[in-house]
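Peer 1: Protein chains in written order, with our numbering: chain A, 137 to 590; chain B, 137 to 590.
Number of protein chains: 2
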Amino acid sequence: MTGSWASSVDAHLDWVPGGGRRGLAEAVRKAIRDGRWRAGVVVPSTRALAHDLGVARGTVTRVYADLAAEGYLVTSQGAPTRVADGGGELLVEPARIPVVGAPRWTLEPGRPDPSLFPREQWLAATKRVVQRAPHEVFDYGDPAGSAVLRETLAVYLGRSRGVRADPRRIVVCAGFTHAITVLGRVLVDLGLSSMAFEDPSYARFRDLAAGAGQRVVGVPVDGDGVRVSELDSPAVVVTPAHHFPLGVTLAPARRTALVRSGAVVVEDDYDGEFRFDRQRVGALQALAPEQVVYAGTASKTLAPSLRLAWLVLPGRLVEPVVAAVESSGARPPTVDQLVLAELISSGAYDRHVRRSRVEYRSRRDRLVAALPAGLPVSGISAGLHLVVPLSLDAEASLASVAGRHSLRVEALSPLWMDQERRRGGVVVGYGASSKAAFAGALEALLAVLRELTG
Amino acid sequence: MTGSWASSVDAHLDWVPGGGRRGLAEAVRKAIRDGRWRAGVVVPSTRALAHDLGVARGTVTRVYADLAAEGYLVTSQGAPTRVADGGGELLVEPARIPVVGAPRWTLEPGRPDPSLFPREQWLAATKRVVQRAPHEVFDYGDPAGSAVLRETLAVYLGRSRGVRADPRRIVVCAGFTHAITVLGRVLVDLGLSSMAFEDPSYARFRDLAAGAGQRVVGVPVDGDGVRVSELDSPAVVVTPAHHFPLGVTLAPARRTALVRSGAVVVEDDYDGEFRFDRQRVGALQALAPEQVVYAGTASKTLAPSLRLAWLVLPGRLVEPVVAAVESSGARPPTVDQLVLAELISSGAYDRHVRRSRVEYRSRRDRLVAALPAGLPVSGISAGLHLVVPLSLDAEASLASVAGRHSLRVEALSPLWMDQERRRGGVVVGYGASSKAAFAGALEALLAVLRELTG
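(1) Using 8 Å as the Cβ pair cut-off and three pairs as the minimum, do the region 524-531 of chain A and the region 444-462 of chain A touch?
(2) Considering just the uninterrupted stretch of the beta strand (DSSP E) at Ser330/B, what are its terminal residues?
(3) Between the C-alpha atoms of Trp173/B and Ala147/B, what's the straight-line distance to the nearest angstrom?
(4) In the structure shown, what three-state DSSP assignment does Ser498/B receive?
(5) I want to see whether chain B comes within less than 9 Å of Leu520/A, judged by CB atoms only; does it?
(6) Would you mind telling me which residues of chain B sit closer than 7 Å to Lys263/A, beta carbon to beta carbon, in chain order?
(7) So what's Glu409/A in DSSP terms, helix, strand or just coil?
(8) Mind pulling the alpha helix (DSSP H) runs of 4 or more residues that sit fully within the region 290-353 of chain A?
(9) Residue range of the alpha helix (DSSP H) that Ala201/B falls in?
(10) Within its chain, find whatever has a CB closer than 7 Å to the CB of Ala163/B; leave out the 5 residues flanking it on each side and keep chain order.
(11) Decide if Glu403/A is buried, meaning its Cβ has at least 16 other Cβ atoms within 10 Å, or exposed.
(12) Could you check where the beta strand (DSSP E) with Glu403/A kicks off and where it finishes?
(13) Taking 9 Å as the CB-CB limit, is Tyr430/A close to chain B?
(14) Under a three-way DSSP split, which group does Glu225/A fall into?
(15) Here's a check: name, in chain order, each residue in its chain whose Cβ is nearer than 6 Å to the Cβ of Pro245/A, leaving out the five neighbours to either side.
(16) Taking Ala419/A as part of the alpha helix (DSSP H), name the residues at either end of that continuous run.
(17) Going by DSSP, which residues form a beta bridge with Val428/A?
(18) Within a Cβ cutoff of 6 Å, which residues of the same chain sit near Gly223/A, ignoring the five residues on either side of it in sequence?
(19) When you compare only the Cα positions, how much space is there between Pro153/B and Val266/A?
(20) Does Ser463/A come within less than 9 Å of chain B when only Cβ atoms are used?
(21) Would you check if there are 3 or more beta carbon pairs closer than 8 Å linking the region 456-463 of chain A to the region 475-490 of chain A?
(22) Under 8 Å, with one C-beta from each stretch per pair, do the region 307-321 of chain B and the region 461-471 of chain A reach the 3-pair mark?
(23) For Ser125/B, which residues in chain A fall below 8 Å Cβ to Cβ?
(24) From the beta carbon of Ile316/B, is the nearest beta carbon of chain A less than 9 Å away?
(25) What did DSSP end up calling Glu546/B once you bin it into helix, strand or coil?
(26) Taking the DSSP output, what are the residues bridged to Asp632/B?
(27) Are any of the Cβ atoms in chain B nearer than 9 Å to that of Gly224/A?
(28) Leaving aside the five residues before and after Ala583/B along the sequence, list all residues of the same chain whose C-beta is less than 7 Å from its C-beta, in chain order.
(29) Just the chain A side, please: which residues come within less than 7 Å of Arg416/B by C-beta, in chain order?
(30) In chain A, which residues lie with their C-beta within 9 Å of the C-beta of Arg174/B?
(31) Which residue's Cα is closest to the Cα of Arg286/B: Gly320/A, Leu293/A, Arg232/A, Ser282/A?
(32) Tell me the rounded alpha-carbon separation between Ala439/A and Ala269/A.
(33) Could you give the DSSP three-state label for Arg172/A: helix, strand or coil?
(34) Counting Cβ pairs, one atom from each stretch, are 3 or more of them under 8 Å apart for the region 372-384 of chain A and the region 489-509 of chain A?
(35) Would you check if the region 171-186 of chain B and the region 291-299 of chain A touch, i.e. whether three or more CB-CB distances between them fall below 8 Å?
(36) Decide if Gly398/A is buried, meaning its Cβ has at least 16 other Cβ atoms within 10 Å, or exposed.
Structure follows, in structure tokens:
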């Protein structure tokens, strides 16, 4: 019963039983002419198609032979029968998705080196998870996220980032983008419909918050981080450990003032793992777990394409956030969550983070050493990016000059909301490039800077 | 440089340089007392912590020895030092996520058997993808979905479901729940803010559409499927191949009328792969690709926890839907998308679907044969569920009686929007149970039905 026909392929035919050999042949011709059976595709075995349609196997064999003679199909001894390449009268070329050419070099901020992704460790963890997981793992899961991952994160975040993390207060999201959208909605529903962002900050997150119904306002950032005294919103998103893009750390007095401001503080700890000096800054959340939403992600430590992030929430926000994740209709796959948990609890995640830190620190050092003395970089010794200041005039030519050098970088000034305050510069992401291409990317950057400031 | 310290673990300490041995010891005690360094957790190696903090290794060694003497840490020759179990004065028990007990048997509709998940094939495909994928796969990807998956789906959906699928019109979503939320928003933005659903239908999808800003209305369903003549909305969500929950197929005249109604038709082909007789119904979309949004998912064929679904869109909806996916902040991980593409193009997906079909058909046959003759089931020979009719009075006791038999099933009448039309019954999902437990679940169902109708 589960013999060879079960190992064939499914094929839909517009076919009326009783049409006989001629009707069947015409249905197959039509599927090929319409492009639904594409050139090169294996057709069902004669046995399977006969079984599926309830006709004699000989009928299918003869139809296939006729269509091969007509050039629709290609049969050869010992190989599966396929749809011919351009054999039919009106074969439809399968449509392709156009490939967009990328610049040769990239120093885009906010991206880790995809060539550092720990493929073997990810595979090994996937193998352990998929072979050992109970069947329930493949059923619908907990909308708050896998309990195993949340318990693992609670321990990890406490140990490595000083977060006061109770697994019952952790919610796993499909990336920080998903998290900020969900939080934006929840706060609107709670009557908190204005959300402050550091000015400058990453524009996409502001757009997502606005899309979620928030009125987005800016709070200026100076050398001590966000100016808490100018905060006048019931919620604020901050990057206290390492400001994006300016790279400053929130000063101790400001940390205290921020958590006492009464606002719901969303702590975007996007690259908290990548601090290269010894002044590790613990999570702000530990100061006031009922006031601060801690947000972390695997996008910088592993890969953005994993779409995995986590929130550690004040008690009162847990239920609304889980409900908002449910009504977003989206959440990360359970197996991926378990693979991350396995990587963390086996120690492979820490080892990967520490190895990556060595690589990124070395790139930062090379970058700082290579920059001309007249261009003082800003940003503490942390993260995956730094800022090279430029005049606004020079910055205006950045896109075209960088394009000529086939280099992808980001301009600084568009990250400001307040046009009066904006400053020119290049946000240089030294993570994005692969290890092998970093020297070339650095050369391209220096050439671009020479042209802009020469 | 990347020696043994790079393979240690990260640990955050509230520690001020210059505090010496005493200051460091107090910082570690505090991390343990606060529960941030949890019982049983491996602490950083002395070499790594010394390197991270910029102190002499001997200092860390002595601090660890002191804390072991105090009972905070456990050291043993040749094994890593760990935080002691209850050794500190005020050790915090790590919080756990409470486990909710599940009923012993399940015949919940809308779920495939998680024990059928093709673990080995999934792993093999993951291995091929993770070992061979270009580095870009780990970077941010295309918000419409992986080009490889979309091109693979275009061929697959054409061949197996008769869909007219151009890969440029396919958008990959994080499950059908995500897709319906995104579509709901897009249609509201286009001024189409009333969405009809079949009555009865799956309540969760209606809730998601309402959450996306749609006014949700019902259209009655009879033996020929949804009554197109009563449709009065600019958009409608239908299950034409196999109505959920009633199991009818949309009659040919109604198919034609529906695509000519002018409404945007969302074709939820949730279980189109599981048709057990020979009257395969192709996708409605092929009749009018500019009018119908075809929606498919891996939730029934593989596993709902994968959160993978796809839309084949009319040309004018492609850009708005991609933009709405972006502003949802969520999308499926790229590797998972490539694994699905690999399963489809290697033929493993078809083989799995065909094997599953044999299993589900056999369960359906066993179920129908076991039901008392007085209880005529409804629903064609397809899918993962059927309906056993009950009086509304009998249905009212379903939850409590099923609970007593430790059986999870779903009542029929709550699926209606129009209270006047609702009919009683049990929606029996014969997919949800594992193969081994199916006989027991069936026994429990028969016992429940005897009590309710006896």
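By construction, the Cβ of each residue, glycine as well, lies at the ideal position given by its N, Cα and C atoms. Since this is a predicted model, take the numbers as computed values, not measurements.
Peer 2: Considering the structure as presented:
(1) no
(2) 330-335
(3) 8 Å
(4) helix
(5) no
(6) Leu259
(7) coil
(8) 312-325, 339-347
(9) 193-205
(10) Leu149, Asp150, Trp151
(11) buried
(12) 400-404
(13) no
(14) Summary for Glu225/A: the model assigns pLDDT 43, below 50, so the residue's position carries little reliability, and this model does not support an answer.
(15) His521, Glu546, Val563, Gly565
(16) Element bounds for Ala419/A: n/a, residue is neither H nor E.
(17) Val401/A
(18) Note that Gly223/A scores 47 on pLDDT, short of 50, meaning its location in the model is unreliable and no value can be drawn from it.
(19) 45 Å
(20) yes
(21) no
(22) yes
(23) Residue 125/B cannot be examined here, being either before or after the span of chain B that is shown, 137 to 590.
(24) yes
(25) strand
(26) Because residue 632/B is not part of the residues shown, which for chain B are 137 to 590, the question remains open.
(27) Residue confidence is low: Gly224/A scores 44 on pLDDT, short of 50, so the model does not pin down where it sits. Its coordinate-derived value is still stated next. Gly224/A does not count as touching chain B.
(28) His541
(29) His148
(30) Ala290, Val291, Gly294, Arg295
(31) Arg232/A
(32) 23 Å
(33) coil
(34) no
(35) yes
(36) exposed
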